[in-house]
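If you read the protein sequences in the order shown, they are chains F and L.
Reminder that position 33 of the first sequence reads as 33 in the UniProt record's numbering, one-by-one numbering, no gaps.
Reminder that position 124 of the second sequence reads as 124 in the UniProt record's numbering, one-by-one numbering, no gaps.
Ideal Cβ placement from N, Cα and C applies to all residues, glycine included.
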Amino acid sequence: MDTNSDAVGRRTFLAQAGAGMAVLLTGGIGVSGCASARSISHIQGGMAGANHQSGHRLRAISELVRLPVSEKLTTNVLIAGGGISGLSARRWLQRQGISDTLLAEMDGQTGGNAAYGQNSVSAYPYGAHYLPIPDLRNQELLDFLTESRIITGSDAQGLPIYDDYFLCHDPEERLFINGFWQEGLVPEAGVPESDRDQIRRFFQLIDRFKTARGSDNLDAFTIPLDRSSTDETFRQLDRVSFASYLDTAGFTSPYLRWYLTYCCRDDYGATLETTSAWAGIHYFASRKGQAANANASSVLTWPQGNGFLADQLRAGAASPIRRNLLVYEVRLNDTGVTVVAFDATTNRNVVIDANKVILATPHFITKHIVQKIAPERSAWTGFRYAPWVVANLTLNGLPQGRGMPLCWDNVLYGASSVGYITANHQDLRDGPRKVITYYKPLTDTEPDAARRQAYGTTYEQWLTQIMDELETAHPGLTPYVSEADIWVWGHGMMAPSPGFVWGNERRQAAQPIANRVFFAHSDLSGVSIFEEAFYQGIRAAREVAEAV
Amino acid sequence: MVSEDERVAVRPGLTPLHWLLLVSVFIIATCGLIYELVAGTLASYLLGDSVTQFSTIIGAYLFSMGIGSWLSKYLDGNLIKWFIRIEILVGLVGGCSAPLLFVLFEYVASFRLILYTLVGLTGILVGLEIPLLMRILENQLTFKDLVSRVFTFDYIGALLASLIFPLILIPQLGLIRTSLFFGLLNIGVAAFLLYRFSETRSFRHSFSFILLASVGLLTTGFVYADRIMTYAEGLAFQDTVIYSKSTAYQRIVLTRNNRELRLYLNGNLQFSSADEYRYHEALVHPAMQARPFASNILVLGGGDGLAVRELLKYPSVQRVTLVDLDPGMTKLFQQNFTLVQLNNRSLLSPNVRVINNDAFTWIRQDTTRYDVVIVDFPDPSNYSIGKLYSTTFYTELEKRLAPDGLAVVQSTSPYIARKSFWCIKNTLAAVGFQTIPYHTYVPSFGEWGYVLALRNQHWRVGGPLPKGLRYVTPSTIRDMLYFPPDMAEVPTEVNKLNNQVLVQSFEEEWAPYGH
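Below, the structure written as structure tokens:
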């Protein structure tokens, strides 16, 4: 609502005026110099984060194996990892009639990168928070959305009708640039004509890629990306970085390159230099969704972000889920697989006998789990993960400058973050209290160094950095912040580095071992999005079903 | 000790110093009357009914002056010191009276008490001034000269005050600055006495500090006065602002002139008391007359209780549920004397339930079905309000209607915002409503539009109307259905949560009018 700018009401004003008079009467003694340092001491909250403590226990498996075994379990299919791919595999198995599965999740809640929190103002995401309208050919995903009543029906042309409450409401996006909030994220306000030309040319190029097909008659770019054309014309783009592709194509505009960098950071936690050109183009050219009441650029979103989808996926099967259970070793036995897991609640080991195992874990975890049966995986170098910081700020109001009012997605041109979303944007209730979710991929240094630095940064340091940045677009914001939860993702997401998507490691990583150990994770796509995780879970579940 | 005769003999007449003292009589007399006028004007601005307000304020003020004069005999010792003290107090109390009353008007319940306390206090202090001054001057003049000179200056001052107040001060300075400015004059008199009379040497130092602080306070007030009245208003109101408050949701401003009271929300006019009956009769009666047995009514928005006032004219109406976001708004229209008169105590009726909640959230949770729903939201001037004009909202609205129920939606101006008006009509039609658009002329708004939304075709003109309507008759309703060519239907998009086309067209269409 437009009260943002009015947030300083008469009462506040009078209080200030009163303070001003007091200053005047006391001769202004000792008040100069205090104004510049903002106090953050009134802000409640602390650090949260995916259970990196228990995750890091994998580095010392030798210690874990010494713990006594408290429990022995048997199951048909064990699924390690309760993120989107694990939940998707579990749901798919259930639909194929395979319901004797057990899902082990190392964390206290399922959902993985779709984790979320809640306070009195709103639910809010800790990670992934939207799903673009899917392509009509992605039948598995459309079925899931229909089953979850996110799609409520179809129109006369057969186009799906999405629930209006879940389609991202207008106004969707704004960018703070040159001291002004413009509508949309592609820079426009104050951008010179020559730069606008390049931006236009870039989007014309993307339009061609959207409709392009390879010699195999498959789309050049599609989701899931495994269904994209094998035509070398397009695949060769994976061997160069997005940066050098743009250089070659003459895209030099700093505004365009800022925008593309923002996109790579936002979707991949990577820069133009560390993203493959194929993946960089895929981000734009793969969105071909259609709907009766939305278009290809529409997205579905919820206050809790993709946690909503994770909960729906979990509800798609009834088999048991064990939380706080960290699978750290798989061994092949005579007929099946022996799985050893660490139960963080009892500090004991659990041994599970399974016929099949799906490792729905990211590669940096998987490589430890399969150390005994596939040691070569530890030597792979293509899997790179940027650390992320996600802060949820609860606000009593949001002072802001000129231009577009508060949107769902709010980005600051040239900032170190990728901006913030309004968690309660879909909430329809009108009120000054908001939760905003601020995202910052740490892409300035190499991932390992950035991770070490991230773990060494204190709550106050993060908060100061975040407020310094937000204050540039929202002067006077700090006093309005009542709560701040800061979540550090050590391995935020997999970045599709040059050569990875169509390289050997990705292909090999998805290969089952002895037809008993299967792999499912968005890492196996190289692109960390819901659709890929959903797809990889189904792919692995299909392989399991075929192997039974 | 000199004899009486000798004293007469040495009476020097007036020294230049004492002439100046008489000039200060003139100043304080002006100040005294100004405070009285400020209080009277403020009371009639804020409470209306200027004859009563002026009369009671003047009475209370003069009576308090009497108390002050009577109290003056208890002041002894250093009279100059007393006089300076009184001047500083008059300056502070009188000077701050207008800003203080404006600020405190928010606390409407006790406002009269505060008003008369301030008037009384100012009166007492002003009442002390002249007797004290006469006692200071008693040795300089014969009694007859003293009385003659002091009262001459007193009444000249009063004349001056009564002329400059309406002609110069109110138009140029406004109430708050006028009050603060005369406060400064009183302080000035105190300062003048302090530095010109040698008797003040012993306390000059300590009083200097107090004087400085008072000048600082009043000057700051004077500088900020402009901002107190206009800060965050974002626009200059034509009339005197008598109430303004920023609630968590909006800025409520009431203005008054001789003829009318106006309510603004976030700077947009909601009604003028002079012609709001046209707007509200046209909003309520075309729907109600078509459903003579309607008993359970829902009003969304409309926290002023004026639509409810119209509804309560139907004996069939047993229950009205009013949902308005802002408790600041509904409370104002339940408590403030003037506004309660305007809505005829509608929000205090036992048949009316007031709910302060967001309409969208509330309507999704509600399970009742209503015979008639009156949708009286502010215009779709921002995205938050635009949601309440979307297909999604109208789908929820449809679910809350009884099988034969109907709703009416205030739909901005079909003349100024033609696309926006027809967009609202088309959005209602898009979710399956039969729609009947109509419009009327409200002088303070211009041409204004409404859309009836029905679950079936069942609507006709000629149903029973309550007695005592000033505007709506069956003929008026028939006239309202006709749209001349300059307001005729235009094709528009449908307003949805994920496109909000209405907010965009509304902004475009109202922009030339500085909306």
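For residue i, go through chain L and note every residue whose CB falls closer than 8 Å to its CB, in chain order.
i	result
F/R429	D358, F360 and T361
F/N293	K496 and N498
F/L298	First, the residue type needs correcting, since residue 298 of chain F is Ser and not Leu in the sequence shown. What F/S298 touches in chain L: N498.
Would you mind telling me which residues of chain F sit closer than 9 Å to residue i, beta carbon to beta carbon, in chain order?
i	result
L/S198	The premise fails here: L/S198 is roughly 29 Å from chain F at the closest Cβ pair, so nothing lies under 9 Å.
L/K419	Result: empty, since nearest Cβ-Cβ is about 17 Å, beyond 9 Å.
L/K73	The contacting residues do not exist; L/K73 stays about 34 Å from chain F at best.
By DSSP, does residue i sit in helix, in strand, or in coil?
i	result
F/W487	strand
F/P387	strand
L/G66	helix
L/I130	helix
residue 562 of chain F	This structure leaves residue 562 of chain F out entirely; chain F is present only between 1 and 548.
F/V330	strand
F/I199	helix
F/Q157	coil
F/W181	strand
F/Q508	helix
F/R132	The amino acid at residue 132 of chain F is misidentified as Arg; the sequence shows Pro. Three-state result, F/P132: strand.
L/M487	helix
L/I242	strand
L/I424	helix
F/E71	strand
L/Y195	helix
L/F271	strand
F/E173	strand
F/P441	strand
L/H439	strand
L/I297	strand
L/T255	strand
F/V337	strand
L/V451	strand
L/T321	strand
L/R291	coil
F/I151	strand
Given that residue i touches chain F, what residues does it touch there, using C-beta distances under 7 Å?
i	result
L/A248	G431 and P432
L/L325	D430
Strictly below 8 Å CB to CB, what residues from chain F border residue i?
i	result
L/T392	D164 and Y165
L/K331	Those within 8 Å of L/K331 in chain F number zero; the least Cβ separation is about 16 Å.
L/K399	The contacting residues do not exist; L/K399 stays about 14 Å from chain F at best.
For residue i, count neighbouring Cβ atoms within 10 angstroms of its own Cβ and tell me buried if that reaches 16, exposed if not.
i	result
F/S427	Ser is not the amino acid found at residue 427 of chain F; the sequence shown has Asp there. When all chains shown are included, F/D427 counts as buried.
F/R331	exposed
F/T252	exposed
L/L481	exposed
F/L58	buried
F/M47	exposed
F/W388	buried
L/W422	buried
Starting from residue i, find everything on chain L with Cβ-Cβ shorter than 7 Å and list it in chain order.
i	result
F/P405	N382 and Y383
Can you tell me whether residue i sits near the ligand SAH, meaning its C-beta is under 7 Å from at least one heavy atom of the ligand?
i	result
L/V373	Among the components modelled here there is no ligand, and therefore nothing to report on the ligand SAH.
Name the residues in the segment 167-180 of chain F whose C-beta lies less than 7 Å from a C-beta of chain L; which are they?
-> Cβ contacts with chain L: L167, C168, H169, D170 and P171.
Can you check the segment 139-169 of chain L for any beta strand (DSSP E) of at least 3 residues that lies completely inside it and give the ranges in chain order?
-> The beta strand (DSSP E) runs of length 3 or more contained entirely in the segment 139-169 of chain L do not exist; there are none.
Complete runs of the alpha helix (DSSP H) confined to the segment 241-298 of chain F [at least 4 residues] = Whole alpha helix (DSSP H) segments, 4+ residues: 242-248, 254-268 and 277-285.
Pick out the complete beta strand (DSSP E) segments inside the segment 341-424 of chain F, 3 residues or longer, and give them in chain order.
-> Listed in chain order, the complete beta strand (DSSP E) runs (minimum 3 residues) inside the segment 341-424 of chain F are 348-359, 384-395, 409-412 and 420-422.
In chain order, which beta strand (DSSP E) runs of at least 3 residues are fully inside the segment 341-391 of chain L?
-> List check, beta strand (DSSP E) in window: 352-355 and 370-376.
If you scan the segment 76-137 of chain F from start to end, which runs of the alpha helix (DSSP H) of 4 or more residues do you find wholly inside it?
-> As far as the segment 76-137 of chain F is concerned, its whole alpha helix (DSSP H) runs of at least 4 residues are 84-95.
Between the segment 132-163 of chain L and chain F, which residues of the former have CB atoms less than 8 Å from a CB of the latter, in chain order?
-> With the criterion set as a beta carbon lying under 8 Å from some beta carbon of chain F, the segment 132-163 of chain L has no members that meet it.
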